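**Q** Sharing a structure below in structure tokens format, with a few things to ask.
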Amino acid sequence: MDTKILKIDSENVDGSLIKVAADILKNGGLVAFPTETVYGLGANAFDVSAVKGIFTAKGRPNDNPLIVHISDESKLDELVVDVNSDAKKLMDAFWPGPLTIIFKKKECVPLEVTGGLDSVAVRVPKGKIAFELIRESGVPVVAPSANLSGKPSPTDGVHTIEDLDGKVDCIIDGGSVDIGLESTVIDMTSDVPEILRPGRVTKEDIESVIGHVVEACGHSETPKSPGMKYKHYSPSARVVIVNSEEAVDEFVSSNSDLKIRVLKYSCDEEMGRNMFRDFRLADSEGYDVILVYEVSETGFGRAIMNRLKRASGE
Ligand code: TXA
Ligand code: MG
Numbered sequence: 538m539d540t541k542i543l544k545i546d547s548e549n550v551d552g553s554l555i556k557v558a559a560d561i562l563k564n565g566g567l568v569a570f571p572t573e574t575v576y577g578l579g580a581n582a583f584d585v586s587a588v589k590g591i592f593t594a595k596g597r598p599n600d601n602p603l604i605v606h607i608s609d610e611s612k613l614d615e616l617v618v619d620v621n622s623d624a625k626k627l628m629d630a631f632w633p634g635p636l637t638i639i640f641k642k643k644e645c646v647p648l649e650v651t652g653g654l655d656s657v658a659v660r661v662p663k664g665k666i667a668f669e670l671i672r673e674s675g676v677p678v679v680a681p682s683a684n685l686s687g688k689p690s691p692t693d694g695v696h697t698i699e700d701l702d703g704k705v706d707c708i709i710d711g712g713s714v715d716i717g718l719e720s721t722v723i724d725m726t727s728d729v730p731e732i733l734r735p736g737r738v739t740k741e742d743i744e745s746v747i748g749h750v751v752e753a754c755g756h757s758e759t760p761k762s763p764g765m766k767y768k769h770y771s772p773s774a775r776v777v778i779v780n781s782e783e784a785v786d787e788f789v790s791s792n793s794d795l796k797i798r799v800l801k802y803s804c805d806e807e808m809g810r811n812m813f814r815d816f817r818l819a820d821s822e823g824y825d826v827i828l829v830y831e832v833s834e835t836g837f838g839r840a841i842m843n844r845l846k847r848a849s850g851e
């Protein structure tokens with residue numbers, strides 16, 4: 538397949554290029570595009586054959602449900618039932634932005650989107666390219682991260698092209714993203730709201746708006762969020778979490794035959810933005826092992842450690 542690559546400046550969005558991509562979406566095609574979190578691979582949520590195409594292009598297990606992206610809150614009604622008052626508060630506080638909310642789905646949402654579940658995950662992404670693309674297409678857009686299944690999520694147009702060129706109709710290259718880790722996913726259908734995937738909107742952020750929420754344990758046999766059971770975010774190099782210079786020195790001296798990269802960042806925001814990119818870079822430079830300094834599991838650090846532990850196979 539010939540993939541159309543559109544370079545769009547995220548600060549100065551070219552409406553005519555957005556229209557080209559939106560027309561592809563409307564006509565059942567697959568379009569990869571940047572959001573503030575990571576790049577997504579989009580399709581019209583109501584077009585079942587396009588939705589199936591996403592699973593094929595990514596090599597994604599088809600029981601892993603997709604997030605539906607809408608341009609603004611007013612489009613929520615056509616997808617879900619039961620928007621309770623806490624969900625409404627979260628929407629007011631964090632949309633548009635990196636929070637995905639799970640609701641009970643309306644009949645019209647295809648089971649192919651939800652992996653057979655009767656709930657649906659919805660988010661309003663922030664960022665001009667995503668907003669303009671979804672608005673112009675006039676349809677809700679399902680979009681998993683635009684990586685090949687199992688690989689780190691793409692945080693730059695270059696990574697998206699690396700994974701999906703030749704497999705999808707169109708890739709919008711809008712440069713590097715802002716956050717670098719996938720959205721927080723919260724299930725608002727349970728009695729006590731449950732965070733299924735930590736992200737930039739933290740547990741503390743959420744609790745300041747709606748009070749107590751629980752965090753899902755991602756390691757159970759039948760996880761509520763099917764995506765959590767699959768190995769994820771992994772570069773080909775082995776990822777090892779370290780907590781001190783001594784640990785690094787010890788690892789390096791006892792593995793002198795291996796090509797070892799060490800990653801350490803100055804703050805959580807920098808780490809979130811760059812970690813997946815640096816995993817990919819280490820692979821392209823042929824490193825065997827990536828040693829990554831752990832961070833404290835509070836605030837955004839929870840999301841970082843969640844991805845890091847999964848990349849390390851812990
Ligand atoms: O930041 C993001 O969320 C990015 C950008 C593109 O928006 N998207 C993304 O999608 O990370 P994906 O498909 O890679 O991750 C979606 C996660 C998976 O873990 C999936 O299992 C979970 O959300 N999920 C989706 N619908 C669900 C549902 N109805 N119930 C439980 N979990 C659901
Ligand atoms: Mg993903």
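822 is the number that my numbering gives to position 285 of the sequence shown; each next residue is one higher, with no gaps.
The beta carbon of each residue, even a glycine, is placed where N, CA and C say it ideally should be.
Computed from a prediction, not measured in an experiment: that's the story for all the values here.
(1) DSSP beta-bridge partners for aspartate 710?
(2) Under the criterion of a Cβ to heavy atom distance below 7 Å, does tyrosine 571 qualify as lining the ligand MG?
(3) Report all residues from its chain with a CB closer than 8 Å to the CB of isoleucine 841; omit the five preceding and five following residues, and keep chain order.
(4) If we ignore side chains and look at the alpha-carbon of each, how far apart do histidine 756 and asparagine 601 end up?
(5) Is there contact between the region 688 to 705 and the region 611 to 618, where contact requires at least three CB pairs shorter than 8 Å?
(6) Could you check if serine 720 is buried or exposed, using at least 16 other CB atoms within 10 Å of its CB as the buried criterion?
(7) Is the beta carbon of isoleucine 542 sitting closer than 8 Å to the one on aspartate 710?
(8) Where do the N-terminal and C-terminal ends of the beta strand (DSSP E) with phenylalanine 583 fall, by residue?
(9) Rounded to the nearest angstrom, what separates glutamate 783 and valine 789 at their Cα positions?
(10) What did DSSP end up calling histidine 749 once you bin it into helix, strand or coil?
(11) For the structure I just gave you, are there three or more beta carbon pairs, one from the region 580 to 590 and one from the region 632 to 643, closer than 8 Å?
(12) Spell out the partners DSSP gives isoleucine 639 in its beta bridges.
(13) Out of Gly736, Val738, Arg737, Glu744, state which residue places its alpha-carbon closest to the alpha-carbon of proline 730.
(14) Helix, strand or coil: which one does DSSP assign to alanine 683?
(15) Quick one: Cα of glutamate 758 to Cα of glutamate 851, how far?
(16) Could you name the residues of the same chain whose beta carbon sits closer than 8 Å to that of glycine 838, not counting the 5 residues immediately before and after it, in chain order?
(17) Would you mind reading off the limits of the alpha helix (DSSP H) that contains arginine 817?
(18) Alpha carbon to alpha carbon, how far is aspartate 551 from leucine 733?
(19) Are the CB atoms of tyrosine 830 and leucine 795 within a distance shorter than 8 Å?
(20) Roughly how many angstroms separate the alpha carbons of glutamate 573 and glycine 565, rounded to a whole number?
**A** Let me lay it out:
(1) The sequence position of residue 710 within the sequence shown is 173, counting from 1. Its beta-bridge partners are Lys544.
(2) By 1-based counting over the sequence shown, the position of residue 571 is 34. Note that residue 571 is proline in the sequence shown, not tyrosine. Checking every heavy atom of the ligand MG against the Cβ of proline 571, none is found closer than 7 Å.
(3) Locating residue 841 in the sequence shown gives position 304, counting from the first residue. Here the set comprises Leu718, Asp805, Met808, Gly809, Met812, Val832.
(4) The sequence position of residue 756 within the sequence shown is 219, counting from 1. The sequence position of residue 601 within the sequence shown is 64, counting from 1. With a pLDDT of only 45 at histidine 756, under the threshold of 50, the placement of this residue in the model should not be trusted; the figure read from the coordinates follows. Computed Cα separation, rounded: 16 Å.
(5) Contact between the region 688 to 705 and the region 611 to 618 is absent, because fewer than three Cβ pairs lie under 8 Å.
(6) In the sequence shown, the residue the question calls residue 720 occupies position 183. Its Cβ being crowded by 16 or more others within 10 Å, serine 720 is buried.
(7) The residue given as residue 542 occupies position 5 in the sequence shown. The residue given as residue 710 occupies position 173 in the sequence shown. Against a cut-off of 8 Å, the Cβ pair of aspartate 710 and isoleucine 542 comes out as a contact.
(8) As a first step, residue 583 is located in the sequence shown; it is residue number 46 there, counting from the start. Unbroken run through phenylalanine 583: none, as it is neither H nor E.
(9) Taking the sequence shown and counting its residues from 1, one reaches residue 783 at position 246. Taking the sequence shown and counting its residues from 1, one reaches residue 789 at position 252. Spanning the two alpha carbons is a distance of roughly 10 Å.
(10) Position 212 of the sequence shown, counted from the first residue, corresponds to residue 749. DSSP places histidine 749 outside both helix and strand once states are collapsed to three, so it counts as coil.
(11) no
(12) Translated into the one-based positions of the sequence shown, residue 639 becomes position 102. Partner(s): Ala658, Asp724.
(13) Taking the first residue of the sequence shown as position 1, residue 730 is located at position 193. Selected option, being the one with the closest Cα: Glu744.
(14) Taking the sequence shown and counting its residues from 1, one reaches residue 683 at position 146. Correct three-state label for alanine 683: coil.
(15) On the sequence shown, position 221 is the one that residue 758 refers to. On the sequence shown, position 314 is the one that residue 851 refers to. Its pLDDT being 37, under 50, glutamate 758 is placed unreliably by the model, and nothing is read from it.
(16) Taking the sequence shown and counting its residues from 1, the one referred to as residue 838 is at position 301. The beta carbon of glycine 838 is closer than 8 Å to those of Asp805, Val832 in its chain, skipping five residues each way along the sequence.
(17) Translated into positions along the sequence shown, residue 817 becomes position 280. Counting along the chain, the unbroken alpha helix (DSSP H) around arginine 817 starts and ends at 805 to 821.
(18) As a position in the sequence shown, residue 551 is number 14, starting the count at 1. As a position in the sequence shown, residue 733 is number 196, starting the count at 1. Each residue's Cα considered, the two are about 36 Å apart.
(19) The residue you call residue 795 lines up with position 258 of the sequence shown. The residue you call residue 830 lines up with position 293 of the sequence shown. Contact flag unset, no.
(20) Translated into positions along the sequence shown, residue 573 becomes position 36. Translated into positions along the sequence shown, residue 565 becomes position 28. Approximately 24 Å between the Cα atoms of the pair.
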